[in-house]
Amino acid sequence: MITVVIIPDGTLSAASTPSKKVLIVINDYISADDIVQADTPNLKALAAQSGIGLINNRVKNKVPASSYISLGNANRVATPAGSELAFNSSEPVRSLPGIFENLSEPLSAGTLYQQFTAKAPPSEGVVNLYIEPAVKYAATHNPMYIPGGLGSWARSQQLEIGVLGNSDTMYSLNRSAAILAMDENGIVPRGQVGSDILARNVSSPGGLHTEHSRFLKELKKLLASCDIVVLDLGDTSRVELSRANCADTIVAKQRIQALERNDRLMGKLLQLIDLKNTMVVVVTPNTNSDMVLAGNFTLTPIVVYNPEGQPGYLTSPTTRRSGLVANVDLLPSIVSYMSRERNPGAMTTVAAHGNEFSDLAAKVKLFQDIRNSRNPFHYVFMLLAFLMLVMAYLACIQNNSRIAPYLNIVVFTVLSMPLVYLFLGYSNYKYLALLLVLSPVAAWIVARIVLSLTNSVESGLALLTSLTAILLLIDCFRGSPWMLVSPLGSDTIAGGRFYGIGNDYMGVLVAASVIATMLLINQIRAGRAIKTLLGLLPLSALAFTIGSPEIGANVGGLITALVALGMFIATTTRTRITFKRLFMIGLVAVIGVLIVAELDATFSANPSHAGKAITSLFTGGYEVFLSIIIIKLGILGSTVIHSSWTIILVLDLLLLLILKLKKPEIYQSFAKNYPVLADSNRILAYATMALFAFNDTGVIASALILLYITGCLLVSAENSLIPGEGR
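Heads up: the sequence shown begins at 5 in our numbering, then just goes up one per residue.
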């Protein structure tokens with residue numbers, strides 16, 4: 005866990021002496037539940053006056069040091085193994101993994117640093133002897149970055165930064181705290197990361213523990229000379245790093261003991277600080293193995309005490325959710341506190357009468373349950389979709405008249421699943437097996453109700469799609485509380501999206517909105533122009549909702565909605581679709597997205613990820629653009645290969661193709677007897693292509709839209725498949 009203490013007052017400039025300080029204390033590999041169980045009066049007393057929350061520590065690889073460098077750079081990045089090896093400049097070094105082993109005459113770290121980098125080491129500071137590999141790694145991986153964000157910023161502001169402590173064991177060195185404090189050269193001007201602050205203890209994990217009196221003595225020196233100090237209390241890290249030879253129950257007990265020991269040290273070090281002029285942030289960079297096994301590989305507790313703030317739950321522009329922030333928010337928060345003007349990316353606190361770590365532990369449990377049950381719920385949905393496709397094949401291709409009467413109810417049940425899943429969050433995902441059974445049953449009940457209330461295929465689809473679209477739009481304007489905890493929503497632990505509408509429900513919303521709009525305007529007795537104008541209202545609202553940085557914030561969804569809007573205009577005005585017109589519709593959609601992103605970047609104090617991306621694009625040039633494209637293509641390829649929904653997508657496309665080749669009369673009858681649904685499908689077909697082309701994780705959304713397309717075709721075809729039936 006990291007504790008950041010910032011002392012406010014004064015302005016930040018080269019000519020002034022800032023009175024604020026930052027103290028960052030690392031207490032790694034613990035969970036909110038550990039804090040609940042442990043006797044940690046000092047941390048809990050501090051939290052009662054602070055903003056608390058969960059911090060998402062997602063990074064680009066599995067190296068623990070990457071969590072530290074991401075915190076210091078305000079960016080989710082990665083660093084190679086070995087980056088944690090920092091040393092006091094005067095510290096003798098006998099071994100460096102991959103470079104040399106057991107020198108008979110050790111060299112000082114400062115001497116080695118100068119040999120490796122051709123730069124002068126600090127006389128009283130700390131050097132990272134793997135800075136050159138780290139810099140090269142950072143320059144060749146997506147996203148490209150320069151290590152040492154916090155240290156470089158501190159130097160640019162003429163702020164002195166120091167580091168104290170380590171997580172060494174008897175058999176390994178771990179000085180990751182220095183990564184957080186260093187500048188781009190791998191230098192921390194002041195600090196002590198050597199063994200002088202440790203004591204041997206055979207009963208301690210790793211054979212060592214932090215010696216409190218020595219630690220506090222060094223801290224006093226650093227507080228007297230530094231504006232920012234990074235501390236590593238060390239003992240909780242040693243538990244995790246030494247767990248290989250211990251039973252899990254022993255490790256859990258040792259972790260609690262180490263946390264309580266660290267809390268005693270925290271109580272002593274807080275006495276050295278004037279809390280009237282100090283901001284304290286407590287955060288954990290890494291999850292432990294038990295947390296990962298339970299399904300949580302990113303969410304850890306964070307505490308931010310701000311004497312100018314208020315107690316409650318933390319939030320940030322990155323997440324826009326109470327009680328949740330991200331690792332990219334730490335550096336902006338430090339910059340904001342130390343500067344005159346508030347940084348728009350900084351964490352803030354949502355006032356609350358009480359804030360408890362037990363609430364955070366409950367949040368983690370919910371997010372774990374959602375993540376762990378996501379695949380089972382998707383498999384149930386996919387099974388129903390597969391059943392629909394198989395029945396369609398048997399009824400339409402094999403001419404099985406016994407299957408045909410059941411097509412309608414199966415199709416409506418499948419199309420009701422997103423509606424049922426929208427409200428699963430109210431179950432808190434308890435009794436998973438029961439929910440997996442009840443979900444399709446609930447969808448079947450919804451389908452039966454819809455069919456019983458309507459007297460035609462078109463009116464039934466109009467009711468179901470209108471209800472789906474309206475509820476999704478309402479949820480978007482409420483901050484997406486239903487979608488965010490739905491199996492079709494975003495994964496908080498994975499941290500791909502924290503707000504707005506995710507890709508799965510975006511696909512559902514586009515499909516439902518187009519079908520509902522087409523069917524409803526067809527009920528109006530008016531000319532083609534009037535119907536087109538009336539249809540523009542809901543579809544424009546759809547594009548606004550999905551694309552608005554403050555509401556849906558889905559760039560790929562905005563392109564999809566704009567393509568659907570353009571195709572709607574072309575379809576209802578009976579404009580001939582040519583390649584040139586398709587190109588123009590796509591171009592207008594892309595330009596529209598760029599305009600929205602630029603407006604977001606220019607006028608919003610807290611731009612969405614689209615606004616931040618366009619800013620990076622304009623400031624970084626083609627290299628940033630290529631980097632973004634490469635990342636997106638990589639995600640798309642990975643999603644296509646690994647997503648189970650790819651099977652449904654391919655099977656659905658195959659069914660539509662086989663019907664086109666072997667049963668063209670079904671399409672002909674569809675176009676003749678249900679022209680509005682045929683037009684809806686045409687619009688959605690082009691929207692699906694745009695979605696797949698411009699959305700890096702659009703496989704599920706594309707598959708869901710195809711289910712609506714296929715569903716419209718099948719329910720309209722059912723009557724012609726039943727002997728003696730007709731429209």
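By construction, the Cβ of each residue, glycine as well, lies at the ideal position given by its N, Cα and C atoms.
8 Å CB neighbourhood of residue i in its chain, flanking five on each side removed
i	result
Ile-201	Leu-168, Gly-169, Asn-170, Thr-214, Glu-215, Arg-218, Phe-219, Glu-222
Val-489	Leu-370, Ile-374, Leu-428, Gly-429
Leu-455	Asn-412, Ile-413, Phe-416, Gly-464
Ile-183	Ala-69, Tyr-72, Ile-73, Gly-76, Thr-83, Ser-87, Glu-88, Ala-90, Asn-132, Pro-151
Ala-355	Gln-314, Pro-315, Gly-316
Lys-667	Cys-400, Ile-401
Thr-521	Gly-539, Pro-542, Leu-543, Phe-572
Tyr-149	Asn-77, Asn-79, Val-81, Ala-142
Thr-319	Gly-57, Arg-325, Ser-326, Gly-327, Leu-328, Val-329, Met-351, Thr-352, Thr-353, Val-354
Among the options, the one whose alpha carbon lies nearest that of residue i
i	options	result
Ile-449	Asp-32, Leu-423, Asn-459	Leu-423
Ile-687	Asp-656, Trp-649, Leu-566, Ser-176	Leu-566
Lys-24	Lys-272, Asp-278, Asn-92	Asp-278
Leu-100	Thr-701, Val-81, Phe-120	Phe-120
Ala-256	Ala-42, Asp-363, Ser-405, Ala-557	Ala-42
Gly-539	Val-518, Arg-529, Val-559	Val-518
Ala-694	Pro-321, Ile-709, Thr-650	Ile-709
Leu-524	Ser-470, Leu-475, Gly-560	Ser-470
Ser-343	Tyr-690, Thr-692, Val-26, Ser-246	Val-26
Thr-575	Asn-685, Phe-696, Ala-473, Asp-604	Asn-685
Met-295	Thr-282, Ala-365, Val-285	Ala-365
Ala-498	Val-680, Leu-569, Val-368	Val-368
Pro-409	Ile-56, Gly-55, Ser-720	Ser-720
Tyr-309	Leu-440, Thr-577, Ala-298, Ile-338	Ile-338
Thr-302	Ser-673, Leu-655, Val-63	Val-63
Cβ shell of residue i (< 7 Å), same chain only, five flanking positions each side left out
i	result
Gly-760	Residue 760 is absent from the model: the chain starts at 5 and stops at 731.
Val-131	Ala-90, Phe-91, Ser-93, Ala-113, Gly-114, Tyr-117, Pro-125, Gly-190, Ile-191
Lys-664	Tyr-671
Pro-68	Ser-180, Asn-290
Asn-46	Asp-267, Met-270, Gly-271, Leu-274
Thr-44	Leu-263, Glu-264, Asp-267
Proximal residues to residue i (C-beta, below 6 Å), its chain only, five neighbours per side dropped
i	result
Phe-385	Met-421
Ala-185	Gly-155, Ile-165, Val-167, Val-192, Val-234
Cys-480	Ile-505, Thr-549, Ile-555, Gly-556
Phe-381	Pro-491
Ala-19	With a pLDDT of 35 at Ala-19, under the threshold of 50, the modelled position of this residue cannot be trusted, and the question is left open.
Lys-280	Pro-311
DSSP-derived helix/strand/coil call for residue i
i	result
Leu-168	strand
Gln-196	strand
Ser-23	coil
Ile-713	helix
Pro-96	strand
Ile-497	coil
Gly-561	helix
Pro-668	helix
Ser-176	strand
Arg-529	coil
Ala-90	strand
Arg-325	strand
Ile-191	strand
Ser-405	coil
Val-67	coil
Val-130	strand
Asp-479	helix
Val-384	helix
Leu-492	coil
Met-395	helix
DSSP beta-bridge partners of residue i
i	result
Tyr-309	Val-284
Leu-111	Val-97
Asn-60	Leu-303, Ala-330
Arg-204	Leu-212
Arg-452	BP columns for Arg-452 are empty, so no partner.
Val-594	Per DSSP, none; premise fails for Val-594.
Thr-353	Leu-318
Asp-236	Ile-30, Gly-169
Phe-104	Leu-100
Gly-55	Val-308, Gly-316
Is there contact here, the stretch 202-209 with the stretch 133-150, by at least three beta-carbon pairs under 8 Å?
-> The stretch 133-150 and the stretch 202-209 do not touch, with fewer than three beta-carbon pairs separated by less than 8 Å.
Would you be able to state if there are at least three C-beta pairs under 8 Å between the stretch 307-323 and the stretch 252-269?
-> Counting Cβ pairs under 8 Å, fewer than three are found: no touch.
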